[in-house]
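Novice: If you read the protein sequences in the order shown, they are chains A and B. Quick note, the first sequence lines up with residues 1 to 222 if you use full-length UniProt numbering. Quick note, the second sequence lines up with residues 1 to 222 if you use full-length UniProt numbering. Glycine residues also receive a C-beta, built at the ideal position from the N, C-alpha and C atoms. First, the structure itself, so that you have it in front of you.
Protein chains: 2
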Amino acid sequence: MAIEHKTRTQLVAEAIREKILTGEIKAGDPLRQAALAAELNVSRIPVREALLQLEAEGLVNFEAHKGATATELSASQIDEIFDLRALLEAELLSHSIDGLTDQDLIDAELILTELESAMDAGDTHLATGDLNSRFHGKLYSRAQRPQTRELVDMYSKNSERYVRMHILLAGGLTTAPEEHRTLLNHCRAKDTKKACDFLKKHILGAKNDIKKLLLKIEDEKR
Amino acid sequence: MAIEHKTRTQLVAEAIREKILTGEIKAGDPLRQAALAAELNVSRIPVREALLQLEAEGLVNFEAHKGATATELSASQIDEIFDLRALLEAELLSHSIDGLTDQDLIDAELILTELESAMDAGDTHLATGDLNSRFHGKLYSRAQRPQTRELVDMYSKNSERYVRMHILLAGGLTTAPEEHRTLLNHCRAKDTKKACDFLKKHILGAKNDIKKLLLKIEDEKR
DNA sequence: ACATTGCATTTAGCATACATTATACTCAAG
DNA sequence: CTTGAGTATAATGTATGCTAAATGCAATGT
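As structure tokens, then:
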């Protein structure tokens, strides 16, 4: 295994992405190239290139001569993104479900139990989001649709900070864990239609929770 | 109206994009930063940044320390991209169709007649692709789904060179113009289901044509 | 008091120069 | 003849510094 040589640009991109996802950089905040460069001990070039990458990921807005800002997602944008996720993830699942092996299903269940015990332990942040996306990822793993997968990953990354915010403010995921169990069972039964329909509902349900929260926050600003 | 100041990066990106779409740069070709910089009379910095943008658009692969190449789409990737397009464009249309005004429909029809006369005149290249995407764009114009729209635009840009290739080699679009008429009629009737189903078939039909061509080319390489 | 123009400051865009990595080639050893 | 280490070369990655655009502020005139 060759040691991998990460470029400064990649490291900087990771650093900034993390800052945005954790909320250290809030939506709308300007991202000054010089400040970031100084903070991370690099020149402005890798910072610029990292910002360009993050723009492609939808995490920052980059305006010529004006600078970059962390993207601010309005309630209507959240709406659209989750609709897209429902559409794309159902598509992925439909292509993956028949290829899922028994081992895959066991793995998925293991992740689920881990997720449940993490929630019982009151682990509201980090772990739950990660485990959640690992569970979904497992179910999509046999889809052989790399581009679709990439899209889905991008959008879930982008929604992550809002999910985290929601977990923080609402004190946990409101979407019950048994929803995941139900989904898993549909997959076990290889019932494509039921599984995909349920998945869509599952995602759209999460959307509504987050949207409510966001609308409340948008309101409070006035 | 303020004059718009295009940055060198943007200009370079447009130049390279055009080279790729017209086929001047063929799939798989390496893109040397220094050569492009010299050719376009800029330094390597804007070239690098342009290449990063093009990577986000899926036109270029950028590998650290190895350089950039024009992306090479295999038959299976074409397959996936067109599936995605069918899914996303149907989604867009479903959100747009009820909002389409009479004027929109007239505009769409005008574009169609223009397209038809261009094809009659034997204009195999440029115009047809552009008019085609303008027609589709018109139908989606009331969707109020900016992110979805952006995705769709990205993917049609990315497929464009293959469509052009197909037009060149097969001597024209095989998808008959009356398909567009049929689609337009469904939209006039505000028959969402029929319109979307037909649109999907329309896109998947184009997919199969192009895939056949691509498989033949891939075969001939052996 | 208000708008407007011009200047100063800040910040982004870009060119040049240097550092680092990957690759092709040479040459020696097995 | 093949293989492998080492070196040369060419390409990419990054730092530094200069240029140009945008923003804020002050001064001037109405």
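Check whether the Cβ atoms of residue 199 (chain A) and residue 166 (chain A) lie closer than 9 Å to each other.
Specialist: no
Novice: Would you identify the three-state DSSP class for residue 42 (chain B), choosing helix, strand or coil?
Specialist: coil
Novice: Please check the pair residue 129 (chain B) and residue 163 (chain B), which I expect to be a contact at CB under 8 Å, by giving their CB distance rounded to whole angstroms.
Specialist: 6 Å
Novice: Which residues in the same chain as residue 192 (chain B) place their Cβ atom closer than 6 Å to its Cβ, once the five residues preceding and following it in sequence are excluded?
Specialist: 94, 97
Novice: Threshold first: 3 residues or longer. Then list the beta strand (DSSP E) segments lying entirely within the UniProt domain "HTH gntR-type" (6-73) of chain A, N to C.
Specialist: 60-63, 67-70
Novice: Output yes if chain B places a C-beta closer than 9 Å to the C-beta of residue 208 (chain A); else output no.
Specialist: Contacts with chain B at 9 Å (Cβ-Cβ) do not include residue 208 (chain A).
Novice: On the premise that residue 69 (chain A) lies in contact with residue 31 (chain A), defined as a C-beta separation below 8 Å, what is that separation, rounded to the nearest angstrom?
Specialist: 6 Å between Cβ atoms; contact.
Novice: Are the C-beta of residue 70 (chain A) and some C-beta of chain B separated by less than 9 Å?
Specialist: no
Novice: Around the Cβ of residue 65 (chain A), are there at least 16 other Cβ atoms within 10 angstroms (buried) or fewer (exposed)?
Specialist: exposed
Novice: So, at 7 Å on beta carbons, what are the nonlocal neighbours of residue 52 (chain A) in its own chain, with the 5 sequence-adjacent residues on each side left out?
Specialist: Excluding residues within five positions, the ones whose Cβ falls inside 7 Å are 62.
Novice: Just checking: is the beta-carbon of residue 212 (chain A) within a distance shorter than 9 Å of some beta-carbon in chain B?
Specialist: Taking CB atoms only, residue 212 (chain A) has no neighbour in chain B less than 9 Å away.
Novice: Please work out which residues of its chain come closer than 8 Å, Cβ to Cβ, to residue 107 (chain A), disregarding the five sequence neighbours upstream and downstream, and give them in chain order.
Specialist: 138
Novice: Within 10 angstroms of its Cβ, does residue 74 (chain B) collect 16 or more other Cβ (buried), or is it exposed?
Specialist: Exposed, by the Cβ-count rule.
Novice: Looking at chain A, is there any beta carbon in it that lies within less than 9 Å of the beta carbon of residue 1 (chain B)?
Specialist: A caution first: residue 1 (chain B) carries a pLDDT of 46, below 50, which makes its placement in the model too unreliable to give a value.
Novice: Given a threshold of 16 other Cβ atoms within 10 Å of its Cβ, counted over all protein chains shown, does residue 46 (chain B) qualify as buried or as exposed?
Specialist: When all chains shown are included, residue 46 (chain B) counts as buried.
Novice: Using a C-beta to C-beta distance shorter than 7 Å, which residues of chain B count as neighbours of residue 142 (chain A)?
Specialist: Those do not exist, as residue 142 (chain A) stays about 15 Å from chain B at its closest Cβ, beyond 7 Å.
Novice: Say whether chain A places a C-beta atom closer than 9 Å to the C-beta of residue 56 (chain B).
Specialist: yes
Novice: Just mark residue 215 (chain B) as buried or exposed, buried being the case when its beta carbon has 16 or more other beta carbons within 10 Å.
Specialist: exposed
Novice: Would a C-beta distance cut-off of 9 Å place residue 78 (chain A) and residue 159 (chain A) closer than the cut-off?
Specialist: yes
Novice: Does any C-beta atom of chain B lie closer than 9 Å to the C-beta of residue 20 (chain A)?
Specialist: no
Novice: Going along chain A in order, which residues have a C-beta closer than 9 Å to the C-beta of residue 204 (chain B)?
Specialist: Within 9 Å Cβ-Cβ: nothing; residue 204 (chain B) doesn't reach chain A, min ~14 Å.
Novice: Could you tell me which whole alpha helix (DSSP H) segments of length 4 or greater appear in the region 121-174 of chain A?
Specialist: 126-140, 146-170
Novice: Quick check on the burial criterion: 16 or more other C-beta atoms within 10 angstroms. Buried or exposed for residue 168 (chain A)?
Specialist: exposed
Novice: Is residue 81 (chain B) close to chain A, meaning its C-beta is less than 9 Å from at least one C-beta of that chain?
Specialist: Yes, its Cβ sits closer than 9 Å to a Cβ of chain A.
Novice: Looking at chain A, is there any beta carbon in it that lies within less than 9 Å of the beta carbon of residue 52 (chain B)?
Specialist: By this cut-off, residue 52 (chain B) is an interface position.
Novice: Between residue 84 (chain A) and residue 20 (chain A), how many whole angstroms is the CB-CB distance? I'm expecting something under 8 Å.
Specialist: Actually they are not in contact, since the Cβ atoms of residue 84 (chain A) and residue 20 (chain A) sit about 20 Å apart, beyond 8 Å.
Novice: Out of curiosity, what's the CA-to-CA distance linking residue 55 (chain A) and residue 189 (chain A)?
Specialist: 41 Å
Novice: Going straight from the alpha carbon of residue 186 (chain A) to that of residue 179 (chain B), what length do you get?
Specialist: Annotation: residue 186 (chain A) to residue 179 (chain B) spans about 38 Å, alpha carbon to alpha carbon.
Novice: Measure from the alpha carbon of residue 100 (chain B) to the alpha carbon of each residue in B:114, B:113, B:112, B:143, then state which is nearest.
Specialist: B:143
Novice: Mark residue 41 (chain B) as exposed unless 16 or more other C-beta atoms lie within 10 angstroms of its C-beta, in which case mark it buried.
Specialist: exposed
Novice: Name the chain A residues whose beta carbon is nearer than 7 Å to that of residue 44 (chain B)?
Specialist: Going along chain A, no residue has its Cβ under 7 Å from residue 44 (chain B), so there is no contact; the nearest lies around 11 Å.
Novice: Could you pull out every residue in the same chain whose Cβ sits closer than 7 Å to the Cβ of residue 13 (chain A), ignoring the five residues on either side in sequence?
Specialist: 50, 53, 54
Novice: Comparing the C-beta of residue 6 (chain B) with each C-beta of chain A, is any distance below 9 Å?
Specialist: Among the CB atoms of chain A, one or more fall inside 9 Å of the CB of residue 6 (chain B).
Novice: Pick helix, strand or coil for residue 212 (chain B), following the three-state DSSP scheme.
Specialist: Three-state result, residue 212 (chain B): helix.
Novice: Which residues bound the alpha helix (DSSP H) around residue 191 (chain A)?
Specialist: Here residue 191 (chain A) belongs to no alpha helix (DSSP H), and DSSP marks it neither H nor E.
Novice: Can you tell me the Cα-Cα spacing of residue 146 (chain A) and residue 104 (chain B), whole angstroms?
Specialist: 36 Å
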